[in-house]
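Heads up: the sequence shown begins at 97 in the numbering used here, then just goes up one per residue.
All remarks here apply to the structure that follows.
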Amino acid sequence: MGFCLNKCFIPMKFFSTCLIVFFSLQPLFSQDFRFGKVSKEELSETQHPVYTESNAAVLYREIKTNFDYNQDDGFYVVTEVFERIKIYKKEGFDWGNVELSLYDESNRYKEDIGSLKGYTYSLADNGKIEETKLGRNGIFEEKQSKYRKTYKFAMPALKEGCVIEYEYTMKSPLIGSIDTYRFQETIPVNKVYVDFRTPEYLNYKNHRRGWIFYNVKQDSRERSLDYTYTRSVLETGRAVATNERQTVKFKENIFQVELKDVEPIIEESYSGNIDNYTSSITFELEFTRFPNSPFKMYATNWEAVTKTIYESDEFGGQLSKEKYFEEDIDQILAGVSNQKEKAIKVFEFVKGKMNWNKYLGVYCDDGVKEAYKSGIGSTAEINLMLTAMLRHAGLKSNPILLSTKANGIPIFPTRSGFNYVISSVELPDGLLLLDATNKNAAPNVLDEELLNWQGVMLWESGASNWVPLQTAEKSQSAYICSAKINENLELEGEIKAQYTGNRALEKRDAFRGLTTAEAINKFDYKNVQISNLEFSEMDNPYLPLKMASSFVASDFVEEINEEYYVSPLVFLALKENPFKLSDRKYPVEYGYAQLDRVIFTIEIPQGYQVKSIPESTNIIVGENEYEFKYLLSQKGNFIQLMMNLGVNNSSEAAENYQSLKEFYQAIVDKQKEKIVLSKL
């Protein structure tokens with residue numbers, strides 16, 4: 097079939113436009129993604145060509161993983177990482193600080209970083225490329241726990257416009273725990289390439305996350321592996337060790353992903369851990385099948401995972417130890433028969449005695465007995481100790497495994513999916529969740545970092561079940577304020593506040609132990625001076641936290657043509673919509689249900705009258721899931737505002753983002769409306 101020129105004719109103007117658009121989307125220069133081949137064009141770029149507001153961009157990311165073999169460890173993982181990043185603004189300097197979490201149990205079972213090298217490149221005034229090498233003084237190691245350490249390096253000589261690149265090799269014996277390969281970041285990723293190669297004896301399946309579509313190219317090849325092993329031979333009646341070299345041939349399975357121009361995932365308010373939603377791929381070891389060896393399954397379910405954890409000496413084995421605390425617990429519970437009172441007394445005893453060393457994990461490091469003796473312990477040691485004590489008290493207590501928000505939501509059953517332990521007590525009126533690592537905590541009030549999906553309760557019988565971590569009760573903030581307009585057009589007055597639940601926990605964590613001056617400095621109210629600050633019940637998490645202070649607020653009263661325009665909520669108003677994206681593809685995470693209440697009374701100054709006040713409103717979204725009440729009225733010489741903002745969900749699906757965005761915009765718009773006072 098021939099072409100019909102008459103019907104297929106394209107106007108030259110249209111053709112030229114298409115060419116312009118096409119070439120505008122192409123790189124303006126040819127990039128060489130070999131280490132050290134940073135170009136002047138890359139260094140001269142002042143902003144990302146598409147995402148112009150980005151403070152940095154990943155120009156190239158390459159991750160290659162394969163498996164080597166030695167006689168002692170068998171197969172082990174070798175991963176080579178190469179990264180080149182452009183920094184446009186100083187806000188992007190954080191991309192020059194790299195942290196890697198490594199398993200570090202013993203000399204044999206540990207992950208190591210080697211062959212690390214890095215450079216920072218920038219353009220000098222004479223147009224030449226300057227390079228600064230990553231030195232030993234920029235490399236650090238920090239112990240996280242008995243089993244993990246953090247390997248850190250900080251790229252040198254960072255400045256706006258520079259390009260950094262680094263590469264390293266990680267060796268790991270943990271063939272069942274492969275790190276996630278990330279394709280998406282909070283900055284653009286221009287190009288990313290992943291190459292994952294595994295011997296035919298190790299079979300992996302992949303799990304994908306995120307909304308960006310990508311193909312996983314699969315292939316295989318024949319591979320030869322040379323390794324040295326030691327064997328004993330008899331020479332003149334005695335055994336002599338000799339080193340032998342052997343070559344093994346096998347099929348290697350190959351998985352490859354290549355992506356270009358990956359859009360950034362934009363983090364905004366109530367994002368939780370944004371890593372839960374970034375596009376990535378994880379490889380899970382499904383089974384092994386070695387020659388002349390039985391087939392062995394590794395892919396498992398949550399029941400098997402939790403059973404393995406519970407049966408470990410560093411977990412379930414610690415729950416059976418009692419002698420080290422028996423005398424102390426029996427003494428504090430003498431004469432106490434009420435179950436809830438028993439639970440609280442034991443909980444408070446552990447909170448008072450133990451100090452958390454900031455180590456996370458589900459396994460004990462030194463063990464509960466040593467931790468009790470020293471008064472310092474990890475998450476697992478403190479809360480497993482608490483569980484054992486509660487059981488000793490005759491209470492139905494079980495540990496609960498969970499994953500912190502920073503650890504992410506586990507996407508498939510694995511022991512590394514959990515990194516925290518809390519305790520629980522089953523009472524006739526419900527379940528108590530207890531975390532004795534936080535001295536400000538109360539029963540059923542967990543730090544927001546722990547309110548991540550669900551937890552798994554482990555029973556003595558070996559059974560397990562999922563339990564919610566959020567409670568139905570709302571955490572509240574309640575404010576009662578009174579103010580008058582002074583001669584400087586400032587609002588001065590008094591404020592009293594009361595906090596419950598997680599609102600109280602957050603305030604106690606922020607302000608407990610501070611001097612009055614230090615506490616005042618922590619308030620971030622703009623154009624507001626705080627004085628006479630006092631807290632009550634700071635040390636008693638079982639009662640609402642109370643706060644009282646005086647304030648002087650400027651820039652909330654404006655005089656125009658002898659009329660006063662007053663912002664009704666003053667510094668307690670929602671100044672901007674927390675939701676700004678045109679489209680959000682991941683959920684909104686509040687962490688917990690919440691209610692904010694305000695009663696604000698403003699005295700009408702002598703010689704003035706109310707000309708107008710904003711209309712009252714009541715906005716409800718869904719079936720009372722979100723509610724905003726805003727009521728203004730004049731009572732004699734005072735204007736009173738009553739405001740309620742209630743959020744009944746701990747999270748909201750992405751498909752409801754637009755209605756939620758509109759809800760908050762309506763709040764912002766209403767709170768911007770002014771009271772107008774005119775002269776009599």
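Just so you know, even glycine gets a beta-carbon here, dropped at the ideal spot from N, CA and C.
Note that this is a predicted model, so its numbers are computed, not measured.
| Check | Outcome |
| --- | --- |
| Selected residue, minimal CA-CA separation from arginine 608, among Asp692, Lys642, Gly732 and Tyr297 | Lys642 |
| Three-state secondary structure (DSSP) of tryptophan 555 | coil |
| Cβ neighbour criterion (16 or more within 10 Å) applied to asparagine 479 | buried |
| Serine 112 burial status per 10 Å Cβ neighbour count (16 or more: buried) | Annotation note: pLDDT 41 at serine 112 (below 50); position unreliable, coordinate value reported separately. Exposed. |
| Buried versus exposed, by CB contacts within 10 Å (16 or more), lysine 438 | buried |
| Straight-line Cα distance separating glutamine 594 from methionine 634 | 11 Å |
| C-beta contact flag for glycine 471 and lysine 449 at 8 Å | yes |
| Close-in-space but distant-in-sequence residues of the same chain around valine 353 (CB under 8 Å, 5 per side omitted) | Tyr277, Phe279, Val288, Tyr289, Val290, Tyr310, Asn311, Val312, Lys313 and Ile377 |
| Span separating the alpha-carbon of tyrosine 262 from that of asparagine 193 | 11 Å |
| Candidates Ile698, Pro674 and Glu418, of which the one nearest glutamine 761 by Cα | Pro674 |
| Span of the beta strand (DSSP E) around alanine 574 | 571 to 581 |
| Straight-line Cα distance separating tyrosine 156 from serine 365 | 29 Å |
| Continuous beta strand (DSSP E) stretch holding serine 663: start and end | Counting along the chain, serine 663 falls outside any beta strand (DSSP E), and DSSP gives it neither H nor E. |
| Sub-8 Å separation of isoleucine 581 and tyrosine 660 beta-carbons | yes |
| Any C-beta of chain D under 8 Å from that of glutamate 238 | The structure shown has no chain D; it contains just one protein chain. |
| Where tyrosine 753 falls, given that 16 or more other Cβ within 10 Å makes a residue buried | buried |
| Assigned secondary structure, glutamate 176 (DSSP; H/G/I helix, E/B strand, else coil) | strand |
| Span of the beta strand (DSSP E) around phenylalanine 131 | It is not in any beta strand (DSSP E) - phenylalanine 131 carries neither H nor E in the DSSP assignment. |
| Among Cys577, Ile225 and Tyr172, nearest to lysine 206 - alpha-carbon criterion | Tyr172 |
| Check whether glycine 257 and leucine 219 have beta carbons under 8 Å apart | yes |
| Enclosing beta strand (DSSP E) for methionine 485 [first to last residue] | That residue, methionine 485, is in no beta strand (DSSP E); its alpha helix (DSSP H) goes 475 to 488. |
| Alpha-carbon spacing of glycine 597 relative to phenylalanine 421, whole angstroms | 30 Å |
| The beta strand (DSSP E) enclosing glutamine 690, as first and last residue numbers | 690 to 699 |
| Cβ separation of leucine 298 and threonine 384, assumed to be a contact under 8 Å, to the nearest whole Å | 6 Å |
| Whole-angstrom C-beta distance between asparagine 657 and serine 645, which should lie under 8 Å | In fact, because the Cβ distance is near 34 Å, the residues do not count as touching under 8 Å. |
| Simplified DSSP state of glutamine 761, which is helix, strand or coil | helix |
| With 16 other Cβ atoms within 10 Å as the buried cut-off, status of tryptophan 562 | exposed |
| Spatial neighbours of aspartate 169 in its chain, beta-carbon cut-off 6 Å, leaving aside the 5 residues before and after | Pro269 |
| Buried or exposed by the 16-neighbour rule on C-beta atoms within 10 Å, applied to serine 493 | buried |
| Separation of threonine 500 from serine 367, as counted between CA atoms | 14 Å |
| Among Met251, Tyr243, Val764 and Glu614, nearest to phenylalanine 236 - alpha-carbon criterion | Met251 |
| Three-pair Cβ contact test at 8 Å for the stretch 532 to 541 versus the stretch 406 to 425 | no |
| Validate contact between the stretch 474 to 489 and the stretch 516 to 523 using beta carbons, cut 8 Å, 3 pairs | yes |
| Given glutamate 602 as reference, the closest of Thr612, Lys618 and Asn720 once Cα atoms are compared | Lys618 |
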